[in-house]
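Novice: The opening residue of the sequence shown carries number 1 in the UniProt record's numbering; numbering runs sequentially from there. Ideal Cβ placement from N, Cα and C applies to all residues, glycine included. This one's a predicted model, so the numbers in the text were calculated from it and none came from an experiment. Starting off with a structure, shown below.
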Amino acid sequence: MSEAKAKAGLQDVVAGDSSICLVDGKQGRLVYQGYDINDLAGKASFEEVVYLLWYGKLPNVSELAALDAELKKNREIPSDVLELVKALSASAANPTGMEILRTAASYLGAVDPDKSMDHETHIKQATKLVSMLASITAAVGRFKQGKEYVAPRGDLGHAANFLYMLTGQEADELSVEAFDVALILHADHEFNASTFTARCTVATLSDMYSGVTSAIGALKGPLHGGANEDVLRMLMEINSVENAAVEVQNKLDNGVKVPGFGHRVYRSYDPRGLVLKRYAKQLTEKVGETKWYEMTEITEGVVLEHFAKKGKDLKYNVDLYSGSLYNAMGIPVELFTPLFVISRVSGWTAHILEQYANNRIIRPVADYVGPVDQTFVPIEERK
């Protein structure tokens with residue numbers, strides 16, 4: 001077997017250097033610019049983590065205030081973008097939230113008058129994308145439910161403002177904290193498919209909007225994004241705490257993949273999943289709707305026991321408990337993957353900035369396995 005075949009999907013192949021994020025699969029650690037995720041989640045704000053990813057250090061008070069002001073300045077959706085999003089949301093083609101975000105990101109690039117390729121412009125574009133994609137996602141959620149657009153508020157942080165724009169009501173403190181933590185946990189994950197796609201795009205010296213649009217397209221695929229949706233949809237299909245164990249076991253016995261388990265990199269627990277489980281328990285208890293959390297916990301126990309009997313040490317990942325957490329916030333399941341976008345855009349843009357700073361076009365080679373030295377036969381002589 002060739003080495004290329006042994007590394008299907010480029011697994012474990014080092015594709016470049018980066019100082020942004022470390023994923024330690026053996027130890028179950030996630031590190032942003034030297035900071036363990038457990039030292040950031042619940043202590044730093046998402047805005048602080050955005051600054052950390054872009055600049056390689058945590059901001060001081062004035063630096064955070066400056067970034068916060070720029071993010072807030074870019075929250076309001078321009079009228080032409082809003083009309084586009086509204087029209088797509090009402091389209092008979094029924095595009096998904098991811099399809100609308102992909103189109104909106106591309107449109108933002110097309111109408112941005114500043115086509116400069118300098119670092120200052122790239123920072124401005126990154127700031128606009130982090131703010132705007134959150135607002136657009138909230139607008140999609142409103143329009144898909146047949147509701148009117150809710151304008152952003154300048155007195156709320158990034159997480160609180162998104163929840164306000166989506167629901168029309170100011171969220172409680174625990175919901176804001178939990179959502180802020182979820183944004184931090186999903187902000188970056190090294191050279192995953194969407195991030196690597198973004199870097200490949202901008203390595204040609206294409207613009208930042210193209211890089212982010214490409215990344216959204218990659219995340220849209222069900223093998224990358226969407227597992228958090230699949231978890232809650234599965235639970236909704238079962239729809240019973242009492243029947244959960246039997247139904248999940250039936251799926252496993254019939255070879256049906258249960259979403260929310262296993263990871264391409266982590267061989268220990270996914271550290272993000274551990275954090276989200278704690279918040280999911282707290283928030284579902286606070287809102288008095290524990291059904292989906294209880295079903296998730298039952299699912300966890302059944303799946304882990306099933307694979308333990310087969311000698312496999314399977315663990316749950318970041319997606320398993322995010323469904324019950326987002327549901328407790330009043331977020332519709334159709335927005336779960338777009339929520340991934342409004343967090344990961346901070347990491348995508350960080351990687352784009354890093355790629356621009358030390359760029360070389362990304363051009364791997366393939367292990368050719370096709371025929372060689374074929375003899376050309378004129379068409380009239382071919383059978």
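1) Find the nearest neighbour of residue 269 within the set 314, 344 and 244, judged by alpha-carbon distance.
2) Which whole-angstrom value describes the C-beta separation of residue 178 and residue 325, a residue pair presumed to lie in contact below a C-beta threshold of 8 Å?
3) Out of 26, 129 and 55, which one is the CA nearest neighbour of residue 207?
4) If you compare alpha carbons, which of 221, 127, 295 and 193 is closest to residue 243?
5) Comparing C-alpha positions only, which one of 181, 150, 184 and 182 sits nearest to residue 392?
6) Measuring alpha carbon to alpha carbon, tell me which of 213, 64 and 23 ends up nearest residue 99.
7) Alpha carbons only, please: which of 97, 248 and 65 is nearest the one belonging to residue 143?
8) Taking just the CA atoms, how far does residue 162 sit from residue 45?
9) The beta strand (DSSP E) spanning residue 24 covers which residue range?
10) Taking residue 252 as the reference, which of 221, 301 and 226 has the closest Cα?
11) If contacts are defined as beta-carbon pairs under 8 Å, then residue 258 and residue 246 qualify, I think. What distance do you get, rounded to the angstrom?
12) Could you give the distance in angstroms between the alpha-carbon of residue 83 and the alpha-carbon of residue 113?
13) Answer with buried or exposed for residue 225, where buried requires no fewer than 16 other C-beta atoms within 10 angstroms of its C-beta.
14) Note the first and the last residue of the continuous beta strand (DSSP E) segment covering residue 32.
15) Smallest Cα separation from residue 219: which of 120, 194 and 185?
16) Indicate the three-state DSSP secondary structure (helix, strand or coil) for residue 367 in the structure shown.
17) If you compare alpha carbons, which of 203, 134, 173 and 140 is closest to residue 360?
18) Determine the burial state of residue 297: buried for a count of at least 16 other Cβ atoms within 10 Å of its Cβ, exposed for fewer.
19) Just mark residue 358 as buried or exposed, buried being the case when its beta carbon has 16 or more other beta carbons within 10 Å.
20) The alpha helix (DSSP H) spanning residue 135 covers which residue range?
21) Sorted by chain position, which residues of the same chain lie with C-beta nearer than 8 Å to residue 14's C-beta, five sequence neighbours on each side aside?
22) Smallest Cα separation from residue 255: which of 307, 352, 106 and 239?
23) When the Cα of residue 275 is compared with those of 8, 28 and 351, which residue comes out closest?
24) In the DSSP assignment, find the unbroken alpha helix (DSSP H) run with residue 178 in it and report its ends.
25) Return the chain-ordered ranges of every alpha helix (DSSP H) run that is complete within the segment 49-100 and spans a minimum of 4 residues.
26) Looking only at DSSP bridge pairs, what is residue 319 linked to?
27) May I have a chain-ordered list of the beta strand (DSSP E) segments no shorter than 3 residues that lie completely inside the segment 324-351?
28) Identify the continuous alpha helix (DSSP H) that holds residue 148 and give its terminal residues.
29) Output the residue ranges of the alpha helix (DSSP H) runs that lie fully inside the segment 204-272 and measure 4 residues or longer, sorted by chain position.
30) Just the C-alpha distance for residue 348 and residue 368, rounded to the nearest angstrom, thanks.
31) Looking at residue 123: is its Cβ nearer than 8 Å to the Cβ of residue 354?
32) Quick one, which of 309, 328, 321 and 320 has its alpha-carbon nearest residue 288's?
33) So which of 238, 338, 116 and 345 has the shortest CA-CA distance to residue 299?
34) For the alpha helix (DSSP H) that contains residue 307, what are its first and last residues?
35) So the candidates are 102, 241 and 271; which of them puts its Cα closest to the Cα of residue 30?
Specialist: Quick look at the numbers:
1) Ranking the options by Cα distance to residue 269, first place goes to 314.
2) Indeed they touch by this definition, with Cβ atoms about 6 Å apart.
3) Here the closest residue by C-alpha is 129.
4) Restricting attention to 221, 127, 295 and 193, the CA atom closest to the CA of residue 243 is found in 295.
5) The structure shown does not extend to residue 392, since the chain is modelled only from 1 to 383, so the question has no answer here.
6) Comparing Cα-Cα distances from residue 99 to each of 213, 64 and 23, the minimum goes to 213.
7) Closest option to residue 143, Cα to Cα, is 97.
8) So the two alpha carbons sit approximately 14 Å from each other.
9) Its beta strand (DSSP E) spans residues 21-24.
10) If we check each option's Cα against that of residue 252, 301 comes out closest.
11) The beta-carbon separation of residue 258 and residue 246, rounded to 13 Å, does not stay under the 8 Å limit for a contact.
12) Between the C-alpha atoms of residue 83 and residue 113 there is a straight-line separation of about 19 Å.
13) Counting Cβ neighbours within 10 Å, residue 225 comes out buried, since at least 16 surround it.
14) Boundaries of the beta strand (DSSP E) around residue 32: 29-32.
15) Closest in C-alpha terms to residue 219, from the list 120, 194 and 185, comes 194.
16) The DSSP-derived three-state label of residue 367 is coil.
17) Measuring from the Cα of residue 360, the nearest candidate turns out to be 203.
18) With a threshold of 16 other beta carbon atoms within 10 Å, residue 297 meets it and is buried.
19) Residue 358 comes out exposed.
20) Per DSSP, residue 135 belongs to the alpha helix (DSSP H) from 119-144.
21) Within the same chain, and ignoring the five residues on either side of residue 14 in sequence, no residue has its Cβ closer than 8 Å to its Cβ.
22) When each option's Cα is compared against that of residue 255, the closest is 307.
23) The shortest Cα separation from residue 275 among 8, 28 and 351 belongs to 28.
24) Membership of residue 178 in the alpha helix (DSSP H) is indicated by the continuous run 173-185.
25) Restricted to the segment 49-100, the alpha helix (DSSP H) segments that are unbroken, complete and at least 4 residues in length are 61-73 and 79-89, listed in chain order.
26) Paired residues: none, contrary to the question.
27) For the segment 324-351, not a single whole beta strand (DSSP E) run of length 3 or above is found.
28) Counting along the chain, residue 148 falls outside any alpha helix (DSSP H), and DSSP gives it neither H nor E.
29) The qualifying runs are 208-220, 227-238 and 241-253.
30) When only Cα atoms are considered, residue 348 and residue 368 end up about 31 Å apart.
31) No, these two residues do not count as a Cβ contact at 8 Å.
32) Measuring C-alpha to C-alpha distances from residue 288 to each of 309, 328, 321 and 320 identifies 328 as the nearest.
33) When only C-alpha atoms are compared, the closest one is 238.
34) For residue 307, the enclosing alpha helix (DSSP H) starts and ends at 291-309.
35) Among 102, 241 and 271, the Cα nearest to that of residue 30 belongs to 271.
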